[in-house]
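The structure appears below as structure tokens.
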Amino acid sequence: EALSVVALTLIVKYAMEMRKTKLAPPEVVDEIEALLEAEEYQEAMEVCESEPCFFTNVVAAGLAKINIGFETMEHSIGEMLDEENTKINGKLSWLTLLAAIAPMLGLLGTVQGMIGAFDQIAASKGQATPDQLADNISMALITTLLGLMVAIPVTSAYVVIRNRVIATSIEVAAVVEDMFERFRPKSKA
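Here the sequence shown is numbered in the working numbering, starting from 29 and rising by one per residue.
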């Protein structure tokens with residue numbers, strides 16, 4: 029029961045935190061784009077610092093290298109994308125842990141119930157009646173069921189949230205790449 033409460037709490041928390049509007053708020057994306065268009069890079073950096081999120085952390089990494097060169101900016105952006113994705117995956121790994129532990133706890137109860145059933149058989153010298161075994165076998169099945177009732181929805185929620193984060197991460201990377209194209213050196217034709 030406690031495991032299901034923790035799992036539900038984390039699912040709701042991560043579903044809210046890891047929405048596209050939280051990872052890359054559209055109004056912040058628009059504001060940064062306008063500032064870069066106006067070549068107000070320091071102001072863009074200040075917005076990134078005052079509105080920390082996935083998107084602004086990635087943009088700030090590029091802006092911090094603005095005077096060093098495009099390749100360095102691009103490299104910093106890539107590293108920050110990896111770092112932000114790692115942070116998110118670290119959080120989401122708690123869901124995979126809960127999804128793995130739940131059936132194990134169910135299995136623990138199953139083993140305990142079966143040990144109880146065999147103890148009952150031994151105590152009755154092999155003459156245990158079904159009603160004498162029923163409690164232990166019932167406990168074994170119920171704990172298995174409860175473990176699966178936690179693991180299945182938690183695994184499903186993990187996959188949905190993770191896929192949403194992956195899609196947002198890809199989208200943020202594309203938006204940032206487009207924003208920083210203005211800094212790419214023009215080739216001489």
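Here a beta-carbon is modelled for each residue, glycine too, at the ideal position from N, C-alpha and C.
Check	Outcome
How many whole angstroms separate the CB atoms of Ile165 and Gly141, which I take to be in contact at a CB cut-off of 8 Å?	6 Å
Met132 and Phe211 - do their beta-carbons sit closer together than 8 Å?	no
Am I right that Tyr243 and Leu123 are in contact with their C-beta atoms under 8 Å? What's the rounded C-beta distance?	Outside the displayed span of the chain (29 to 217) sits residue 243, for which this structure offers no information.
Are Gly137 and Met177 touching if we call contact CB-CB under 8 Å?	no
Would a C-beta distance cut-off of 8 Å place Met108 and Val86 closer than the cut-off?	yes
Which residues in the same chain have their Cβ closer than 6 Å to the Cβ of Gln160, if we skip the five residues on either side of it in sequence?	Gln148
Is Thr157 helix, strand or coil by DSSP?	coil
If you drop the 5 nearest sequence neighbours on each side, which residues of the same chain put their C-beta closer than 7 Å to that of Val139?	none
Does the Cβ of Glu112 have 16 or more other Cβ atoms within 10 Å, making it buried, or fewer, making it exposed?	buried
If you count every other CB in all the chains shown that lies within 10 Å of the CB of Ile39, and 16 or more means buried, which is it?	buried
What does the Cβ neighbour count give for Ala207, buried or exposed, with the cut at 16 atoms within 10 Å?	As written in the sequence, residue 207 is Met, which differs from the Ala given in the question. Looking at its Cβ environment, which holds 16 or more other Cβ atoms inside 10 Å, Met207 is buried.
With H, G and I counted as helix, E and B as strand and the rest as coil, what does DSSP make of Gly144?	helix
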